[in-house]
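Notes for the one structure printed next.
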Amino acid sequence: MFEIEKDLKERILVLDGAMGTVLQKYELSAEDFNGAKGCYEILNESRPDIIFEVHKKYIEAGADIIETNSFNCNAISLKDYHLEDKVYDLAKKSAEIARDAVKESGKKVYIFGSVGPTNKSLSFPVGDIPFKRAVSFDEMKEVIKVQVAGLIDGGVDGILLETIFDGLTAKAALLATEEVFEEKNVKLPISISATVNKQGKLLTGQSMESLIVALDRDSVTSFGFNCSFGAKDLVPLVLKIKELTTKFVTLHANAGLPNQNGDYVETAQKMKNDLLPLIENQAINILGGCCGTSYDHIKAIAELVKGQKPRVLPEKNLLETCLSGNEIYNFKDKFTCVGERNNISGSKLFRTMIEEHNYLKALDVARQQIDAGAKVLDINVDDAILDSVEEMKNFLRVLQNDSFIAKVPIMIDSSDFAVIEEGLKNTAGKAIVNSISLKEGEEKFLRKAKIIRKYGASIIVMAFDENGQGVSAERKIEICQRAYNLLKSIGVKNSDIVFDPNILSVGTGQEADRYHAREFLKTIDYIHKNLKGCGIVGGLSNLSFAFRGNNILRAAFHHIFLEEAIPRGFNFAILNPKEKAPQWTDEEREKIKSFIFGDSTNIEDLLSLNLVKRKEDAQIFAETPEDRIRKALIQGGSESLQEVIEELLKKYKALEILENILMSAMQEIGRLFEQGELYLPQLIRSASVMNNCVNILTPYLEKVDRTSSKGKILMATVDGDVHDIGKNIVKTVLECNGYEVIDLGVMVPREKIVEVAKNNNVDIVTLSGLISPSLKEMERVADSFQKVGMQIPILIAGAATSKLHTGLKVLPNYDYSLHVTDAMDTITVVSQLLSTKRKDFLEAKQNQLRKIAKRYIENNDQTGEKKVLPEVKKTVSYIPKVLGKQFLSLPVEILKDDLKWDIAFYALRVKNTSEEEKTLNDLKKIYEKLIKEKVEFRAAYGYFRCKKTETFLEMEGMTFEVSPNIAQYIEKEDYLGAFVVSVKSEIFKDDKYLGLLETLLCNVIAEAASEYMERRVSEDIVPTFLRPAVGYPILPDHSLKKVVFDLIDGEKTGAKLSPAFAMSPLSSVCGFYLCNDNAKY
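Numbering (the working numbering), first residue to last: -12 to 1068.
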């Protein structure tokens, strides 16, 4: 037992907080980074004094464990700074600095070497080739080994593999760490920490439970979570796993989520309060902080845990009898069907698809096996002609990216151990290997077993040794017992051992084969009784191989054999799950059973049996048109469905197809989205497929109501506002959940909203708006509803809105006003409002809004005294080289390195989900199209003389007021710049999904163009230090947009202003430039 493990049994230990968050406050210069700005690891060499100080302050705050400054200290991440050759030195130095800080403190503090996930993934495809990866398993392992070696040589007490978003990358890092331990003859505790979504799943879709099952081993001390969210959202996930692992449990959460400026603002007290349930439930062993946390947060955590009891490790490992794909499968006390059809020698269709490298189509075989009941998939690509190592790698990589199939554990099946190892390198979950044997002797048997164990997989042992295959029960038992003893000598658990005593064929006509089935059953009896906890597997089709061609008889053999074998302990059978038992009489059953046990050898008697095929035993790989439509909708397929719908029209009316097939599939999609199984881009792709199907069906539809729905929702962006991205997303989600949506679009007058709501008898109205003037318009709409005596709930939504505004300004105008935050919140509120709980729900929400408004009124000074901040003088008085307005137009291609994709990810709610990589690829394809089409961004800009009186400015004959936060950085006689940047592209306007992505991409481009122009203005005109955009918290008055537009002829960019100062296109930004070197946001 490690020293830290002894401490963890006695008390809750405190881990330190964020390194990057604290370092950002030092305002480091380019010189501090030795020219590698943004690379915090170089500070171990260039500014060790600062890193030392951070460690020192965290120790003073109460940290029992500090992390080295080495999160990105690997050759993949440091290559971006051309520092890949310094990995070992920087990692070693990071540990030495931490060691010096601990030594000076005189306290007992553990040092853990921080190992991040790198910026590459072993699970996500590169480009359009689904099996191509940026880096291989072995390459990733070697990269991490250098980092870990440096950390160990620098003196760490343990290794922390953190912010894991890809289970396969984590597996490579874990193996790398263990290999370095072995090479250096050391043993240190390893802590594993993952970043997950709110459903507890990694970016790849793998559940936390699956990750634990896949990586659990003696070298691992703890499992836990970091990053992702604030403590409030992560605490339920910790409570969920606290009983599922016998290892210690850790949590280092963010300081909430970043605000619109990217800042973390959650206080130490808030985090402390949110962590309290872990203390009350005695559910945690290590607590610390991640992004946004600093010394105050760690001090608060140290106070929280002082004197509190730690989580007690469970005695029983509830996950011990589990295999895993992206989800866990517990095989304890149950019979497990292993699908056999993903086998080149067993399925012509699968062989053809592998030979043609059509791996996506080959997945259909796997999918249908799962649909038919397979809980594990056997994958075998052994072939004399094919490169089986390459085929196993490619197929598993493609399989891992299918959200449905990847849930299921994999049985890697090959007679070539090189193929098996390649399979293990491309399986994130806990696989099962089929198989190894004593055929080549004990030394090679143990070598292979150790390799399989290294990857965390279960082992199938075939009853085969140096003298050949075990045929009699005695020989089978002898081989299995010997193999068992060898595996136990290297520490393999019984639950990880599965024996294949070989199901051999009966009915060959040879006397020697007569008792094959009976001998197998005898062996099962022995293993079940004497090797308790070990599994037993067999290939069921071998039993009846002599009767190939007579499928109905073979099916009868298989099912009657299972009736005998399963009660004896036979718990894994490799079979075709779509095979159904035929109908038989009691007499027919006894004849087959007699043959299985060797009591009868009358083959002619068997062949004359009048077995009846069951009706449901349909063609194995047939796929109905209904199936193809549903699959295309749920998977967001791109296949043309014209022919499929035409085929369906031969059986159904158009309305029946729409209501019974399409709408039912969309409701299933909505359910999957609510449960976190699908993400927004998948949902939008599904909606695109749905729209295409409806377009095909439209000519065939009679003029009647096209669908029945769960409710009718009216949506509108209010008058004066042109923003509709959020509204369109919510619309898609509502439609996918079975609601009828009337979308009035943007800039909708309040009179029209009232009229349409009234005439169409809608159930709910949602009002959307992004800019602050929209808030006033929403108040007017609500007042209009009140005046005509309506009682339809209005949902207030959009970036400019809040619960406070709704409670303070809207609810007093109309009693049926509620606030919603996003698509998921809208779904929840709508479903409650249209349920029998409507009255109570509405009342509870109204009371909540009224309390928020009351609290605000009580706590805020209402005197309205004007605020003027002291003037912040410049250090250097800069004079612009040129004054006046200017204009330019440049290709979007020049912004390639400046694009911040997170803007789109957060808008689509795919950040840190399995859809992020797919969305990024789609965005990049659209960006390449924009480049090809020579799309440009336009900028109007310039600097002007300016006079200031308090918060009022005079420029070019105009007088206007700015916020005190800006006015403080402008001197009485000064220069002020202004800018408008705009970009527009509608190449994909006819495609719902791609069109939305194109709009979001233009927003990303506009932001990047704004940053580019700031740099350009700084170089060409005058150094610029602040670029406040109008409409954001620092400049909330949207009317200033007209000032900017008038100053520099902003409409030359193609951007326009609405009467309420909304800019169109949406991908437009305007604001001011400040040349005060002391200006800050």
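Every residue, glycine too, gets a C-beta built ideally from N, C-alpha and C.
Since the model is a prediction, treat every value here as computed from it, not as a measurement.
Q256 sits exposed, since fewer than 16 C-beta atoms from the chains shown fall within 10 Å of its C-beta. In the DSSP assignment, Q873 falls within the beta strand (DSSP E) that extends over 871 to 878. Cβ contact annotation for R617 (same chain, cutoff 6 angstroms, sequence separation greater than five): A652, in chain order. If you check the CB distance, I1008 and Y930 come in under 7 angstroms. The three-state secondary structure of I477, taken from DSSP, is coil. Annotation for L882: I992, A995, A996, Y999 place their beta carbon closer than 7 angstroms to its own, counting only its chain and skipping 5 residues before and after.
Secondary structure at S972: coil, using DSSP grouped into helix, strand and coil.
The residues L805, in chain order, have a CB closer than 6 angstroms to that of K832 in the same chain once the five nearest residues on each side in sequence are set aside. Collapsing the DSSP output to three states places N317 in a strand.
Only exposed fits H69, as fewer than 16 other CB atoms lie within 10 angstroms of its CB. DSSP places F584 in the coil class of the three-state scheme, outside both helix and strand. Between the region 114 to 134 and the region 159 to 179 there are three or more inter-stretch CB-CB distances shorter than 8 angstroms, so the stretches are counted as touching. About 6 angstroms separates the CB atoms of F966 and G1058; that is less than 8 angstroms, so the two are in contact. Residue state for T237 is assigned as strand, using DSSP reduced to three classes. For Q456, the beta-bridge partners assigned by DSSP are F451.
The region 144 to 159 and the region 190 to 201 touch, with three or more beta-carbon pairs separated by less than 8 angstroms. Under the three-state reduction of DSSP output, G1041 falls in the coil class, being neither helix nor strand. In this structure, I439 lies away from D452, with their beta-carbon atoms at least 7 angstroms apart. Going by beta carbons, S492 and M449 fall outside the 7 angstroms limit. For K119, the secondary structure class from DSSP, reduced to helix, strand or coil, is coil. Judged by their CB atoms, F20 and I29 are nearer to each other than the 7 angstroms cut-off. For N481, the closest C-alpha among the options F507, I514, N746, N454 is that of I514. Taken in chain order, the complete alpha helix (DSSP H) segments of 4 or more residues contained in the region 231 to 295 are 255 to 267, 282 to 292. DSSP places M1050 in the strand class (E or B) of the three-state scheme. The same chain holds no residue with a CB closer than 6 angstroms to that of G478 once the five nearest residues on each side in sequence are set aside.
Going by DSSP, R932 is part of the beta strand (DSSP E) stretching over 923 to 936. No Cβ-Cβ contact shorter than 7 angstroms links T936 with A954. With respect to M6, N56 sits close: the two C-beta atoms are nearer than 7 angstroms.
Taking a cut-off of 8 angstroms on C-beta distances, the region 912 to 922 does not touch the region 944 to 953, as fewer than three cross pairs fall below it.
D283 places its beta carbon 7 angstroms or farther from that of V325.
Inside the region 132 to 186, DSSP marks whole alpha helix (DSSP H) runs of 4 or more residues at positions 154 to 171, from first to last along the chain.
Beta-bridge analysis with DSSP links C1057 to V967.
From the listed residues K826, T862, V797, T813, the smallest Cα separation to A840 is found for V797. When DSSP reads this structure, D365 sits in a beta bridge with M398. The residue from I957, D827, N517, L829 with its alpha-carbon nearest to that of L856 is I957. The beta carbons of Y687 and A641 sit about 4 angstroms from each other, so the pair counts as a contact at 8 angstroms.
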